[in-house]
Amino acid sequence: MVEHAGAAARAEAGSAPNARDEFARRWAAAVGSSVLACRPELRAALAGFADDLHAALAHDAHPAAAVHRVGREMVEHGFVSADALERSLAFLGEHLPAHFGLPPDRTHRLMAVLGGVAAGYSEALRDRTLDQQELTKSAAIRTIHEAEAALRASEAKFRAVFRTSAVAIALTGADGAVLDFNDALLTILGYSAEELAGMSGRDIVHPDDRETAAAIGGPLDSGAREHVRTELRLLRADGEVVNVLVAVSLVRDEKGEPSYYVTMVESLDEVRALQTQLVRQSLNDVQTGLPNRAQFLGWLEGAVGSKGPASLALVVFDVDGFRVINDAFGHEVGNRILTVVAGHLRAVFGRVGRPARIGPDEFGVLIHDPADVATVVRLVEEAVDLLAEPVWVGDDGIGVTASVGIVVEPARGGDAAELLRCVDVTLRWAKDDGRAQWALYDRARDRRDRQRLKLAASIAGGLEQGEFRVDYEPVRSPADGSLVAVEARLGWDHPEHGLLDPRALASLSASTGMAVRLGRWAVEQACRHAGRWHARFGARAPALAMDLTARQCQEPELVADVRRVLRESGLPAAKLRFQLGEQLAALITEDQAEELAILAEHGVRFVLDQRGGGNVPADRLRRLPLHGVKFHGALVRGLAQDADPVDAGAAAALLNWARTLDLPLYASGVGAGSEARRLAELGVVGAQGPLFGTALLTADEVDELLGRS
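One point on numbering: in the numbering used here, the residue at position 190 of the sequence shown is 205, and numbering is uninterrupted.
Written as structure tokens, this is what we have:
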């Protein structure tokens with residue numbers, strides 16, 4: 016029935032479709048600011064309500080439930096503000112009859128319809144309120160249950176932490192009574208749980224600290240502080256005093272009133288004992304029991320301060336071959352050796368100085384105001400003698416030696432770092448002298464060494480700046496004086512020190528690891544020059560002689576480098592003659608000899624340089640691809656008719672050996688015409704020395720010399 020009546024009403028209004036929409040728009044305007052629904056949705060709902068109300072006004076038989084439903088749906092659509100119903104009823108009472116053209120006799124029906132709307136609205140609003148109250152009640156109950164569960168869980172966690180914490184905790188009331196405590200507090204104070212339960216905080220605080228303890232609560236109660244930290248002295252059950260650090264916080268009740276105090280207690284005695292132990296460990300060597308490097312450096316810094324001694328002796332012992340002992344017998348034996356060394360140093364220096372272990376195998380001794388240098392040296396020698404006594408490990412008597420550096424210098428106002436550098440330098444001198452030696456610091460020697468090291472360190476920069484050059488010493492035939500070869504000499508034209516001696520340069524480069532790079536550069540330069548001479552003068556171009564060092568022989572790329580240089584320079588391999596010093600020849604390995612043999616197969620020549628006049632083992636000579644022998648000085652003089660018998664014998668032996676091997680001979684240090692004539696008679700093919708000029712020639716000067724010949 017309702018649907019038929021509503022449809023009929025809509026049909027009656029259908030003659031004016033816009034009237035229905037206009038009515039809904041005006042109703043929305045009347046209540047739109049009072050509801051939460053957006054306007055398009057509001058107008059759609061109101062249009063439907065208008066159709067239902069029109070049907071109810073037009074037909075007395077229209078069910079009241081349909082009108083009630085309009086009121087209920089108004090609530091469901093959000094018409095729930097304080098004045099939504101009032102505005103709607105006012106609008107409908109004023110405009111509904113006229114809008115739908117209802118006759119005056121339907122006024123009584125209007126009041127019934129509006130009353131039905133109001134009744135349905137009220138019922139829906141009441142039901143909605145009851146539902147919301149029920150939801151709110153359920154949510155509140157659930158929240159309370161959750162809060163109670165969370166509180167129980169929190170209290171359980173607090174209890175677990177409280178009971179098992181390693182930090183001592185006490186709960187005390189406002190009157191100072193001890194309410195609760197954990198086992199950690201019992202451990203610190205030494206009371207039983209029953210004894211402590213009946214005490215107050217005042218009972219366990221030292222009398223001199225009770226005033227401080229009583230003042231803790233003030234700033235907490237007033238809210239000025241959230242927690243207070245302070246040191247106190249507490250009384251143990253046995254009467255002993257324990258120093259503690261307390262951190263006190265106040266817990267308030269639900270009204271914000273003070274409830275109880277939580278006090279956390281940490282024993283400072285244990286902390287300080289641990290700190291003392293850590294400091295001791297950080298300043299002492301665990302293995303030997305001696306002070307360690309950190310403490311030793313502290314002593315040294317203090318010694319050079321304004322209140323230090325007038326002078327001091329700084330002595331460093333370095334155990335020779337300690338790694339060998341470790342590798343041979345194991346670290347346990349090595350540690351025993353270190354302990355023995357430490358004991359000897361204590362025995363010798365314990366009364367006059369401070370021994371310490373300052374490195375894995377180094378020990379230092381600091382002596383304030385030594386009587387004199389001789390006294391320090393005597394003590395060092397006494398210690399060295401003790402160290403020489405073997406340390407027995409089973410059936411093995413292990414000998415221990417040490418290299419020792421000694422520095423005796425003014426102390427007050429000195430520089431600790433400089434003293435350490437000086438003793439390191441001195442220790443290196445002792446090691447360079449063959450180990451098991453002591454060396455005394457020499458400032459002049461140190462100055463020379465530092466200058467030398469500075470030069471050595473700047474080799475790389477000098478090479479980059481073009482300060483190095485290769486000059487040449489002529490090698491002439493002793494028979495006719497013709498130029499048969501030139502010997503390359505590497506030189507450094509230093510901007511401050513001038514042209515440096517080639518022998519000094521070789522030592523410098525070896526000390527810095529630059530020997531290979533510098534040697535490679537010298538070979539490249541010399542071969543480039545010799546290649547130019549060969550291209551210009553052909554057969555008249557001299558052969559190129561140059562030293563090959565032990566470090567160059569160790570270089571795995573030697574063969575490849577030499578072949579590359581020969582290829583790039585255009586110098587025939589037969590024109591390159593490497594000179595091998597007798598020490599190199601005596602120590603050369605089988606692999607290195609094979610590398611030289613490969614170069615020899617490609618035409619490179621090798622000459623044994625007997626500069627020292629020593630003997631090379633025959634088995635080593637057999638390995639070498641020799642193409643000549645060069646001898647010097649005394650051997651050259653040994654060829655004279657009135658030569659010293661020893662020189663003459665050595666020269667004769669060398670000549671016989673060279674003839675046996677059918678090797679060409681070269682001579683150096685020729686200073687007289689008679690020597691040159693004698694060399695020519697013996698078949699020497701090349702000679703150099705004062706007789707042929709001592710000045711080195713540049714590459715351009717060799718060019719000019721060849722051009723004039």
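Built from N, CA and C at the ideal position, the CB exists for glycine as well.
Cβ shell of residue i (< 7 Å), same chain only, five flanking positions each side left out
| i | result |
| --- | --- |
| residue 486 | 504, 506, 711, 712 and 713 |
| residue 704 | 683, 684, 685 and 686 |
| residue 508 | 482, 484 and 514 |
| residue 275 | 186, 187, 188, 194 and 266 |
| residue 614 | 574 and 577 |
| residue 53 | Interpretation of residue 53 is limited by its pLDDT of 48, a score under 50 that renders its predicted location unreliable; no figure is taken from the coordinates. |
| residue 405 | 412, 413 and 414 |
| residue 322 | none |
| residue 192 | 215 |
| residue 219 | 204, 249 and 250 |
| residue 452 | 418 and 445 |
| residue 611 | 621, 639 and 640 |
| residue 105 | none |
| residue 200 | 183, 184, 185 and 280 |
| residue 39 | 58, 61, 62 and 65 |
Inter-residue CB distance, residue i and residue j (contact presumed, cutoff 8 Å)
| i | j | result |
| --- | --- | --- |
| residue 318 | residue 401 | Between residue 401 and residue 318 the Cβ distance is about 25 Å, and since that is not below 8 Å, they are no contact. |
| residue 240 | residue 234 | 4 Å |
| residue 607 | residue 569 | 7 Å |
| residue 465 | residue 335 | Not really, about 25 Å apart at Cβ, beyond 8 Å. |
| residue 416 | residue 357 | Rounded, the Cβ-Cβ distance is 16 Å, inconsistent with contact. |
| residue 442 | residue 420 | 3 Å |
| residue 440 | residue 461 | 6 Å |
| residue 679 | residue 708 | Rounded, the Cβ-Cβ distance is 22 Å, inconsistent with contact. |
Residue i beta carbon near the ligand ATP (any heavy atom closer than 7 Å)
| i | result |
| --- | --- |
| residue 533 | Only the bare structure without any ligand can be found here, which leaves the ligand ATP out of the picture. |
Same chain only: Cβ atoms within 6 Å of residue i, ignoring 5 sequence neighbours per side
| i | result |
| --- | --- |
| residue 328 | 382, 385, 391 and 423 |
| residue 148 | none |
| residue 341 | 349 |
| residue 46 | 99, 102 and 103 |
| residue 500 | 490, 557, 558, 560 and 701 |
| residue 604 | none |
Residue burial classification, residue i (beta-carbon count within 10 angstroms, cutoff 16)
| i | result |
| --- | --- |
| residue 502 | buried |
| residue 562 | buried |
| residue 571 | exposed |
| residue 288 | exposed |
| residue 365 | exposed |
| residue 103 | buried |
| residue 671 | exposed |
| residue 602 | exposed |
| residue 237 | exposed |
| residue 594 | buried |
| residue 307 | buried |
| residue 89 | buried |
| residue 677 | exposed |
| residue 160 | exposed |
| residue 363 | buried |
| residue 510 | exposed |
| residue 480 | exposed |
| residue 153 | exposed |
| residue 596 | buried |
| residue 407 | exposed |
| residue 590 | buried |
| residue 278 | buried |
Beta-bridge pairing of residue i - partner residues as DSSP gives them
| i | result |
| --- | --- |
| residue 620 | 592 |
| residue 258 | 248 |
| residue 278 | 185 and 263 |
| residue 421 | 330 and 455 |
| residue 664 | For residue 664, which the question treats as bridged, DSSP gives no partner whatsoever. |
| residue 491 | 498 and 702 |
| residue 195 | 186 |
| residue 561 | 593 |
| residue 509 | 513 |
| residue 683 | 703 |
| residue 64 | None; residue 64 has no bridge partner. |
Close-in-space but distant-in-sequence residues of the same chain around residue i (CB under 8 Å, 5 per side omitted)
| i | result |
| --- | --- |
| residue 724 | 497, 498 and 555 |
| residue 551 | 718 and 721 |
| residue 359 | 398, 401 and 402 |
Between the segment 280-291 and the segment 241-261, can you find at least three pairs of beta-carbon atoms closer than 8 Å?
Yes: the two stretches touch, three or more of their Cβ pairs being nearer than 8 Å.
Meets three-Cβ-pair contact criterion under 8 Å: the segment 396-412 and the segment 427-443
In short, these stretches do not touch, since the Cβ pair count stays below three.
Counting pairs of beta carbons, one from the segment 128-138 and one from the segment 83-90, are three or more of them closer than 8 Å?
Taking 8 Å as the limit for Cβ pairs, the verdict is that the segment 83-90 does touch the segment 128-138.
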